[in-house]
Structures are given as structure tokens and as C-alpha cells.
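To start, the structure under review is shown below, and the notes come after it.
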Amino acid sequence: MAPRRHTPLAISLAYYRPGRAIERVCGGADGAGMVSAARALLAAVTRVLLLADMVVVRQLLLAKDKVARSLDRLESVSNFAEFVRAFTEFGGGMVELARLTAERRADLRDERRRAQVAAARNVLERSTLMLLTSSKTCMRHPGSASARENRDTVFCQMRRAMDLIHYVVRDGLPGHEEQSHEAAQWEAGTALGALRGLTAQVRTARARGGADAVRRRALASTLRALVERTHDFTDSAYTSHDHRQRILALAERIAYELERLVAVAVSVEEQGASGSGAALESACAGATSAAGELERALVAAARDQARDLPPLAEDARRLATDLAYIGNPPRTLASSCGERESERLHNIASRLHEQLDHIIEVCKLLRHIAMSETLQVSAKFAEINLRIYGPQVVTAARTLAAHPGSAAARENLDVFVDMWAWLLTDAARLAKELLDLTDERPDKQQYSSLPRPGKHGTTSKPLKAVRLDSDEQAKIAKSGLEMKMMSSEMDAETEKWQGADENNDIVKRAKNMSSMAFAMYQFTKGEGRLNTTQDLFTQAEYFAEEANRLYKIVRQFSYQVPAGTMKKELLEHLDKVPTYVQQLQFTVKEPTVGRAATFSKVDNVIQETKHLMNVISKVVTTCFDCANKYSLCMPERVPMHWKPNLQKASTFKSENSVLNG
Numbered sequence: 001m002a003p004r005r006h007t008p009l010a011i012s013l014a015y016y017r018p019g020r021a022i023e024r025v026c027g028g029a030d031g032a033g034m035v036s037a038a039r040a041l042l043a044a045v046t047r048v049l050l051l052a053d054m055v056v057v058r059q060l061l062l063a064k065d066k067v068a069r070s071l072d073r074l075e076s077v078s079n080f081a082e083f084v085r086a087f088t089e090f091g092g093g094m095v096e097l098a099r100l101t102a103e104r105r106a107d108l109r110d111e112r113r114r115a116q117v118a119a120a121r122n123v124l125e126r127s128t129l130m131l132l133t134s135s136k137t138c139m140r141h142p143g144s145a146s147a148r149e150n151r152d153t154v155f156c157q158m159r160r161a162m163d164l165i166h167y168v169v170r171d172g173l174p175g176h177e178e179q180s181h182e183a184a185q186w187e188a189g190t191a192l193g194a195l196r197g198l199t200a201q202v203r204t205a206r207a208r209g210g211a212d213a214v215r216r217r218a219l220a221s222t223l224r225a226l227v228e229r230t231h232d233f234t235d236s237a238y239t240s241h242d243h244r245q246r247i248l249a250l251a252e253r254i255a256y257e258l259e260r261l262v263a264v265a266v267s268v269e270e271q272g273a274s275g276s277g278a279a280l281e282s283a284c285a286g287a288t289s290a291a292g293e294l295e296r297a298l299v300a301a302a303r304d305q306a307r308d309l310p311p312l313a314e315d316a317r318r319l320a321t322d323l324a325y326i327g328n329p330p331r332t333l334a335s336s337c338g339e340r341e342s343e344r345l346h347n348i349a350s351r352l353h354e355q356l357d358h359i360i361e362v363c364k365l366l367r368h369i370a371m372s373e374t375l376q377v378s379a380k381f382a383e384i385n386l387r388i389y390g391p392q393v394v395t396a397a398r399t400l401a402a403h404p405g406s407a408a409a410r411e412n413l414d415v416f417v418d419m420w421a422w423l424l425t426d427a428a429r430l431a432k433e434l435l436d437l438t439d440e441r442p443d444k445q446q447y448s449s450l451p452r453p454g455k456h457g458t459t460s461k462p463l464k465a466v467r468l469d470s471d472e473q474a475k476i477a478k479s480g481l482e483m484k485m486m487s488s489e490m491d492a493e494t495e496k497w498q499g500a501d502e503n504n505d506i507v508k509r510a511k512n513m514s515s516m517a518f519a520m521y522q523f524t525k526g527e528g529r530l531n532t533t534q535d536l537f538t539q540a541e542y543f544a545e546e547a548n549r550l551y552k553i554v555r556q557f558s559y560q561v562p563a564g565t566m567k568k569e570l571l572e573h574l575d576k577v578p579t580y581v582q583q584l585q586f587t588v589k590e591p592t593v594g595r596a597a598t599f600s601k602v603d604n605v606i607q608e609t610k611h612l613m614n615v616i617s618k619v620v621t622t623c624f625d626c627a628n629k630y631s632l633c634m635p636e637r638v639p640m641h642w643k644p645n646l647q648k649a650s651t652f653k654s655e656n657s658v659l660n661g
């Protein structure tokens with residue numbers, strides 16, 4: 001704890017000395033001294049920021065270590081009273097760890113790291129209840145191997161989640177650059193990533209007029225990685241014969257084109273052949289074309305299996321529900337149903353394992369075609385959690401079958417069945433999102449509503465509908481997806497409180513803003529009720545107005561909160577709202593001229609809405625935490641005096657302002 005105790009002194013000294021130097025220089029006319037003092041101040045600020053970050057990291061790692069020690073104690077308890085005390089201590093540590101990881105996740109700039117922290121927190125949160133029931137069952141039936149397997153699996157998975165948090169938090173810190181084992185565990189590449197890397201290398205070779213020995217080795221390495229990752233498609237028992245043959249043929253074609261490219265590059269390097277430009281161009285064009293076709297083939301194969309996932313998940317959910325009746329036969333048959341129950345359990349388990357294998361294969365392929373790092377991490381952890389927790393549903397059922405009258409075993413099975421249902425829902429949601437993002441709908445991927453006469457500073461000359469290029473599509477789709485995920489998080493948070501107070505005005509406002517954000521996300525895909533850029537800008541104005549209303553309500557509520565850390569945290573988040581509202585309003589009112597400027601404005605509006613949504617989510621969460629801790633009355637619901645009228649705004653439409661979708 002020494003770094004935390006000495007941090008204020010270190011910060012004060014770091015700022016004081018360079019600051020005093022600048023004051024002395026300002027009294028004279030020493031320009032060189034001013035530059036030197038300014039550099040010293042900049043270096044001091046950098047040191048302060050690094051020191052503060054190291055303190056935060058240390059605090060988080062200490063909280064993680066505390067939870068790890070609590071897990072060790074829980075694993076070694078021998079009686080229920082001791083378990084209750086240990087679990088209470090564990091719960092307090094988990095609350096602190098959840099708070100610190102949430103703050104760290106908000107500070108992270110890397111998309112993959114943020115997604116990994118979110119996935120680890122999700123595992124810890126969902127596993128806590130299973131840890132409780134599996135430990136109770138294990139203590140109630142200490143001789144049961146299946147009960148012990150349930151408990152040990154939960155402990156193992158929670159430790160893996162904490163290891164991931166440890167890896168993400170220490171990544172990039174001085175002295176922790178080399179983490180090859182951990183990187184291999186958490187950083188798995190995708191087929192789509194290998195394809196795009198290969199394409200970039202080929203383009204570099206074309207631009208440079210060849211490839212030296214280092215770049216040729218890099219091409220060979222990327223090709224090996226690509227072929228290895230396509231094996232997940234071709235080796236899958238659920239990939240159709242046509243898809244498998246096409247993928248294999250295209251992989252061979254890429255290898256052939258790269259051989260041509262390497263041969264030309266060697267010829268250029270060794271002999272300086274002057275007539276090899278056309279051959280190099282042909283080899284590069286052939287490799288690029290084959291890579292594009294292979295990408296489409298991989299996406300088609302994954303989509304083909306993803307379409308089967310919703311009905312597959314529904315069947316698996318029904319099978320798990322059937323497992324819940326294991327050990328609870330009709331009383332009239334209780335004396336003779338042992339063998340029948342055992343056979344029924346075996347049949348259900350066999351079918352469930354078949355469904356599980358298929359769902360895991362689908363998640364694996366979806367990860368390979370995921371276009372954002374967030375979706376890649378989500379797919380990877382969906383696969384991991386299904387692989388680890390899926391078989392434990394059957395294990396919990398076996399415990400209940402062996403002890404049919406055990407309330408602890410019954411409760412444990414119910415909790416594992418609930419986890420199974422959550423995992424299936426996650427997989428189905430992931431499949432739907434990736435199907436939507438990879439759906440090729442030309443009519444939906446273009447804007448006809450870019451500049452409109454007389455609005456937003458545009459000229460009166462009507463513009464024809466234009467198709468967005470791939471970079472623009474990827475950029476706006478990613479921003480929209482991030483906003484949709486924030487909207488989902490807001491919905492999940494408000495759902496916890498909706499039933500507690502139907503007149504909760506904060507919940508009502510938050511859900512209304514979440515609905516608007518989701519509509520704006522749909523616009524980025526060419527769907528939903530927002531048909532034109534004018535509709536989007538109008539919706540953003542309403543979003544800012546609703547944020548202002550929520551700000552005033554929460555400001556009034558904050559007067560009830562007693563002074564302390566939680567009130568300070570609430571006000572820190574709340575004070576950011578007016579700034580983000582103002583930025584969004586300025587962005588909406590900014591005039592634009594031309595297609596490129598209007599698209600840039602669309603992207604800026606989405607970004608500013610995303611920032612405002614993020615801070616509103618923090619305000620709402622902290623607000624509810626305060627209400628819970630201090631038993632405060634939430635603001636009552638008031639009638640809404642306004643309602644977005646997008647149809648009225650749509651009167652500004654002209655023929656050139658309607659999306660083809």
C-alpha cells in the first residue's frame with residue numbers, strides 16, 4: 001500500500017518544481033529557459049499520469065488477489081457455518097472488484113481489451129450463484145463425484161476469468177511486455193484477420209515493385225496461418241460439401257498466386273528483370289482476387305450454419321428443461337423407475353452433447369468472420385463458456401438422479417439449467433448480430449438523403465443516390481454497433497429496477513433514451529423508422545433534450561444523497577452531461593455542404609450520441625446504487641409533455657432524401 005500513501009506527495013513535488021521554474025522565467029525574458037521549463041513541466045505531468053495509472057492498477061490487482069484468496073478459502077471449508085462466513089467475505093471482495101474493473105474498462109482505449117474485461121466480468125457475475133449452489137451440494141453430499149466436478153469446474157472458470165483481468169490490466173505496463181504464454185491463451189487470430197493481413201502484404205509488394213526476403217517470409221507465415229484457420233471450416237462435420245470444396249479450392253488458388261508472386265519477387269531481386277512488372281501485377285491481382293473470393297466463401301459457410309443456430313438453441317433449451325425433471329418421478333412409480341430414469345438421463349445427455357458440439361462449431365466459425373474485435377471476443381467466450389459449462393448441466397442432473405430427495409441438488413440443477421439458457425441466448429444473439437452485419441443488401445447500404453435543398457447549409461442542387469464505399473460502411477457500422485451495445489446495457493440495468501417502482505421517472509427517461517439510441521443504430525444499417533439523415537438529426541435533437549430532462553431529475557435527486565464517496569461519484573458523472581448535450585446539439589446544427597461533409601456529420605452525430613449515452617448509463621447506475629444504499633425515494637413518474645414527431649420532420653423530405661431501403 002506504500003505507493004498509495006506517498007502518491008499525493010509525489011504528485012505535489014512533480015508539479016511544484018517545474019511550475020516554480022516557469023514562474024521565475026516569466027519574470028525575465030529568457031526564451032530558452034521558458035522552453036526548458038515547459039519541457040520539464042510536460043515531463044512531470046507525464047510522470048504523474050504514469051504514477052496515477054500504476055496506483056490504479058495496483059489497487060485493482062490487490063482487489064483481484066483478495067477475491068482469489070477468498071476463493072481458496074471457500075474451496076477448503078469443511079462445514080456450512082464456515083462456508084457462510086467465507087462466502088460473505090467473498091461477496092464483499094467481488095463487489096469491490098466489479099467496481100474497479102468497471103472503472104478500468106471505461107478507461108481502456110483498446111476495443112479488444114474492453115471486450116475482454118467485459119467478458120471476464122460477465123463470467124464472474126454469472127458464476128457466483130453457481131459457486132454457491134455447487135458448494136452447498138458438495139458439502140451436503142461429500143461423497144458425490146459429480147457434485148465435486150460441478151464445484152471444481154466453477155472454481156476453475158472463475159480463476160480463469162480473474163487471470164484474464166490480470167493479463168489485461170498489466171498489459172502494456174513497464175516490465176510486462178513479454179507475456180507469450182498469456183497472449184497465446186487469450187489472443188487467438190481469425191481467418192478473416194489472416195485474409196486481410198495477407199491482402200495488405202500483397203498490396204505492399206505491388207506498391208514496392210517486389211518483396212524482399214523478410215517480406216517473403218512474412219507472406220509464407222501469413223499463408224500458413226490462413227490455411228490453419230480455414231481448417232475450422234473444412235474440418236467441421238456441419239460444413240456442407242459444396243462449401244468445403246470451394247474453400248479448399250480457393251485456398252489452393254491463393255497458394256498458387258503467392259508462389260507466382262514470390263517467384264517474380266526473387267527474379268526482380270536477383271536479376272533486376274525489367275520486364276517483370278506485368279507479371280508482378282498479374283500475380284498480385286490474382287492473389288487479391290482469390291483472397292476476396294475466399295472471404296466471401298468463408299462468410300457464406302458460417303452464415304449457412306448460423307441460420308441453424310436459433311432452432312438448434314431452442315431444442316437444446318428444451319432438452320435442458322427435460323433434465324430438470326430428472327429425480328422427480330411420479331410417486332406411484334417411484335419404486336421401479338430407477339433404471340428408467342437412468343436410461344432417460346443417458347438419452348437426454350447424448351442428445352444434449354450432440355447439440356452442444358454443433359453450437360460450439362457455429363460459435364467458432366462466427367468468431368472467424370467477426371468484423372469487430374468486440375464480436376470476436378464475444379464469440380470466443382461464448383464458445384469457451386459453452387464448452388466448459390455445457391456438460392456441467394448433465395453432471396448436475398446426475399447428482400440429482402443419485403440423490404432425488406436432495407433440495408440442494410435440485411437447486412443446483414436449476415441454477416445450471418438457467419446458466420445453460422443464458423449461454424444459448426448469448427449464442428443466438430451473437431449469430432443474429434453477425435448475420436445482420438454480413439448480410440449483403442445493396443439497397444440498404446446507401447444514402448439517398450445526403451444534402452437536401454435548403455437544409456443544413458446544402459445547395460439546392462439535388463444529388464443522386466450514391467453507394468457508400470467499404471471503408472465508410474465499416475466505420476459507421478462499428479460506431480452504430482457500439483451504441484447498440486450501450487443501449488442493451490442500459491436496458492439490462494433499467495430492467496432490474498422497472499418492477500420495483502412503476503413510477504420511477506429515471507427509469508422511464510433512461511429507457512426512452514435507450515430506445516432512441518437503438519433507432520439510430522438501426523439507421524446505420526439502413527433499417528428502422530429513421531429513413532433520412534434529417535430524421536437522424538431530428539432524433540439526435542430529441543435525444544439531447546431528453547438527456548437534459550434526465551439531468552434535471554437526477555440533479556434534484558442528488559440533493560437527497562448524503563455526502564460521501566457515492567454522492568461525489570454521482571455528481572462527477574452528472575456534471576459531464578451538460579457538456580456532452582451541448583456538443584451533440586452543436587454537431588446537429590453544424591451546416592454541411594456536399595456528400596462527404598454530410599456523411600462526416602452523420603458519423604459525428606453517432607459518435608457524440610454514443611459519448612452521451614455512455615455517461616448517462618454511468619449516471620443511472622450510480623443513481624440506483626445510491627438509492628439502494630441509502631433507501632432513498634426515487635423521483636416519481638411525471639406525464640411526458642412532448643413526443644418525437646418524426647413524421648412532421650419528414651415534411652422536409654425531397655425526392656433525393658429517401659433511402660432506397
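Per full-length UniProt numbering, the sequence shown starts with residue 1, numbered consecutively.
Ideal placement from N, C-alpha and C gives every residue a C-beta, glycine not left out.
Open item on the list: Would Val605 and Ala510 qualify as a contact pair, given that the criterion is a beta-carbon distance under 8 Å?
Closed with: Locating residue 605 in the sequence shown gives position 605, counting from the first residue. Locating residue 510 in the sequence shown gives position 510, counting from the first residue. For the 8 Å CB-CB criterion, Val605 and Ala510 do not form a contact.
TODO: Could you check the C-alpha separation between Ala118 and Leu424 for me, to the nearest Å?
DONE: Taking the sequence shown and counting its residues from 1, one reaches residue 118 at position 118. Taking the sequence shown and counting its residues from 1, one reaches residue 424 at position 424. Between Ala118 and Leu424, the C-alpha separation is close to 18 Å.
Open item on the list: My output table needs one value for Arg347: the three-state DSSP class, helix, strand or coil.
Closed with: Position 347 of the sequence shown, counted from the start, is the residue given in the question as residue 347. Before going further, note that residue 347 is Asn rather than Arg in the sequence given. Of the three classes helix, strand and coil, the one that applies to Asn347 here is helix, per DSSP.
Open item on the list: Leu365 and Ala301 - do their beta-carbons sit closer together than 8 Å?
Closed with: For this step, residue 301 is matched to residue 301 along the sequence shown. For this step, residue 365 is matched to residue 365 along the sequence shown. Contact: yes.
- [ ] Check the C-beta distance from Ile506 over to Cys623 and give it rounded, since I have them as a contact under 8 Å.
- [x] The residue labelled residue 506 in the question sits at position 506 within the sequence shown. The residue labelled residue 623 in the question sits at position 623 within the sequence shown. With a Cβ gap of about 6 Å, Ile506 and Cys623 count as contacting.
Task: Top-ranked residue by Cα proximity to Arg387, from Ala409, Arg229, Glu361 - done: To locate residue 387, count along the sequence shown from 1; it is residue 387. Looking only at Ala409, Arg229, Glu361, the smallest Cα-Cα distance to Arg387 is reached by Glu361.
Task: Proximal residues to Ala52 (C-beta, below 6 Å), its chain only, five neighbours per side dropped - done: In the sequence shown, the residue the question calls residue 52 occupies position 52. Result list for Ala52: empty, nothing under 6 Å.
Open item on the list: Between which residues of its own chain and residue 666 is the CB-CB distance below 7 Å, once the five residues before and five after are set aside?
Closed with: Here the chain covers residues 1 to 661 and nothing more, so residue 666 does not appear.
Open item on the list: Tell me the DSSP secondary structure of Asn504 in three-state form.
Closed with: Residue mapping note: residue 504 aligns to position 504 of the sequence shown, counting from 1. When DSSP states are grouped into helix, strand and coil, Asn504 belongs to the strand group.
Open item on the list: Three or more C-beta pairs under 8 Å: does that hold for the region 247–254 against the region 219–230?
Closed with: The region 247–254 vs the region 219–230: in contact.
Open item on the list: Check for me: the alpha helix (DSSP H) holding Asn79 runs from which residue to which?
Closed with: As a position in the sequence shown, residue 79 is number 79, starting the count at 1. Premise fails: Asn79 is in no alpha helix (DSSP H) and is neither H nor E.
Open item on the list: Is Tyr256 a contact residue of the ligand GTP, with contact defined as CB to any heavy atom under 7 Å?
Closed with: Of the ligands one can find in the structure shown there are none, so the ligand GTP has no counterpart to examine.
- [ ] State the Cα-Cα distance for the pair Gln607 and Met158, rounded to the nearest angstrom.
- [x] For the purposes of this step, residue 607 is taken as residue 607 along the sequence shown, with counting starting at 1. For the purposes of this step, residue 158 is taken as residue 158 along the sequence shown, with counting starting at 1. If you draw a straight line from the Cα of Gln607 to the Cα of Met158, it is about 35 Å long.
Task: Own chain residues within Cβ distance below 8 Å of Ala297, not counting five before or after - done: Numbered from 1 along the sequence shown, position 297 holds the residue referred to as residue 297. Taken in chain order, the residues that qualify are His243, Arg246, Ile247, Leu250.
TODO: Could you tell me how far apart the beta carbons of His368 and Thr190 are, in whole angstroms, since I believe they sit closer than 8 Å?
DONE: Your numbering for residue 368 matches position 368 in the sequence shown. Your numbering for residue 190 matches position 190 in the sequence shown. About 5 Å; that satisfies the 8 Å criterion.
Task: Distance CB(Glu103)-CB(Glu373) smaller than 8 Å - done: Here residue 103 refers to the residue found at position 103 when the sequence shown is read from its first residue. Here residue 373 refers to the residue found at position 373 when the sequence shown is read from its first residue. No.
TODO: Enumerate in chain order the residues of its own chain whose CB-to-CB distance from Ser600 is below 8 Å, with the five nearest sequence positions on each side excluded.
DONE: The residue labelled residue 600 in the question sits at position 600 within the sequence shown. Listed in chain order, the non-local C-beta contacts of Ser600 below 8 Å within the same chain comprise Thr592, local neighbours out to five positions each way being set aside.
Open item on the list: I need the DSSP call for Asp308, collapsed to helix, strand or coil.
Closed with: If you number the sequence shown from 1, residue 308 lands on position 308. Coil, per DSSP.
Task: Best match in Ser558, Asp575, His611, Val615 for proximity to Cys626 [C-alpha to C-alpha] - done: Position 626 of the sequence shown, counted from the start, is the residue given in the question as residue 626. Measuring from the Cα of Cys626, the nearest candidate turns out to be Ser558.
Open item on the list: For Phe586, tell me which candidate among Gly594, Val602, Thr565, Asp575 has the shortest Cα-Cα distance.
Closed with: For the purposes of this step, residue 586 is identified with residue 586 of the sequence shown, where counting begins at 1. Taking only the C-alpha atoms, the option nearest Phe586 is Val602.
TODO: Please classify Pro404: does DSSP put it in a helix, a strand, or coil?
DONE: Locating residue 404 in the sequence shown gives position 404, counting from the first residue. Note: Pro404 maps to coil in three-state DSSP.
Open item on the list: Under DSSP, the alpha helix (DSSP H) around Asp110 begins and ends at which residues?
Closed with: The residue given as residue 110 occupies position 110 in the sequence shown. Annotation: Asp110 is outside any alpha helix (DSSP H) and is labelled neither H nor E by DSSP.
Open item on the list: Does the region 401–409 come into contact with the region 141–154, if we say contact requires no fewer than three beta-carbon pairs (one atom in each stretch) closer than 8 Å?
Closed with: The region 401–409 is in contact with the region 141–154.
Task: Supposed contact pair Val262 and Arg216 - C-beta distance, whole angstroms, cut 8 Å - done: As a first step, residue 216 must be located in the sequence shown, where it is residue number 216. As a first step, residue 262 must be located in the sequence shown, where it is residue number 262. Approximately 5 Å separates the beta-carbon atoms of Arg216 and Val262; this is inside 8 Å, confirming the contact.
Open item on the list: According to DSSP, is residue 701 part of a helix, a strand, or is it coil?
Closed with: Within the shown structure, residues of the chain are numbered from 1 to 661, placing residue 701 beyond reach of any answer.
Open item on the list: Can you tell me whether Lys64 is buried or exposed? The criterion is at least 16 other CB atoms within 10 Å of its CB, across all chains shown.
Closed with: In the sequence shown, the residue the question calls residue 64 occupies position 64. Residue environment analysis places Lys64 among the buried positions, since at least 16 neighbouring C-beta atoms fall within 10 angstroms of its C-beta.
- [ ] Just the C-alpha distance for Thr321 and His353, rounded to the nearest angstrom, thanks.
- [x] As a position in the sequence shown, residue 321 is number 321, starting the count at 1. As a position in the sequence shown, residue 353 is number 353, starting the count at 1. Looking at the two C-alpha atoms, the distance is approximately 15 Å.
Open item on the list: Quick check on the DSSP output: what are the complete beta strand (DSSP E) runs of length 3 or more inside the region 264–301, in order along the chain?
Closed with: Counting whole runs of 3 or more residues, the region 264–301 contains no beta strand (DSSP E) stretch at all.
Open item on the list: With H, G and I counted as helix, E and B as strand and the rest as coil, what does DSSP make of Ala534?
Closed with: Counting from 1 along the sequence shown, the entry for residue 534 is found at position 534. Sequence check: residue 534 is Gln here, not Ala. Secondary structure of Gln534 (DSSP, three-state): helix.
Task: Under the three-state DSSP convention, the category Ala237 falls into - done: Stepping through the sequence shown from its first residue, residue 237 is reached at position 237. In the structure shown, Ala237 sits in coil (DSSP, three-state: anything other than H, G, I, E or B).
- [ ] Might you give, ordered along the chain, the residues of its own chain that have their beta carbon closer than 6 Å to the beta carbon of Val202, omitting 5 neighbours on each side?
- [x] Working through the sequence shown from its first residue, we reach residue 202 at position 202. Answer for Val202: Cys284, Ala287, Thr288, listed in chain order.
Task: 8 Å contact criterion, which Asp171 and Arg109 should meet: CB distance rounded - done: If you number the sequence shown from 1, residue 171 lands on position 171. If you number the sequence shown from 1, residue 109 lands on position 109. Contact between Asp171 and Arg109 is ruled out by a C-beta separation of about 12 Å, above the 8 Å threshold.
Open item on the list: Along the chain, where does the alpha helix (DSSP H) containing Gln560 start, and where does it finish?
Closed with: Here residue 560 refers to the residue found at position 560 when the sequence shown is read from its first residue. It is not in any alpha helix (DSSP H) - Gln560 carries neither H nor E in the DSSP assignment.
Open item on the list: Taking 6 Å as the limit between beta carbons, can you name the residues of its chain near Gly528, skipping five residues before and five after?
Closed with: On the sequence shown, position 528 is the one that residue 528 refers to. Cβ neighbours of Gly528 beyond the five flanking positions: Ala519, Gln522.
Open item on the list: Please state the DSSP three-state secondary structure of Met513.
Closed with: Your numbering for residue 513 matches position 513 in the sequence shown. Three-state result, Met513: helix.
Task: Whole-angstrom distance between Val123 and Ala68, CA atom to CA atom - done: As a first step, residue 68 must be located in the sequence shown, where it is residue number 68. As a first step, residue 123 must be located in the sequence shown, where it is residue number 123. If you take the alpha carbons of Ala68 and Val123, they lie about 15 Å apart.
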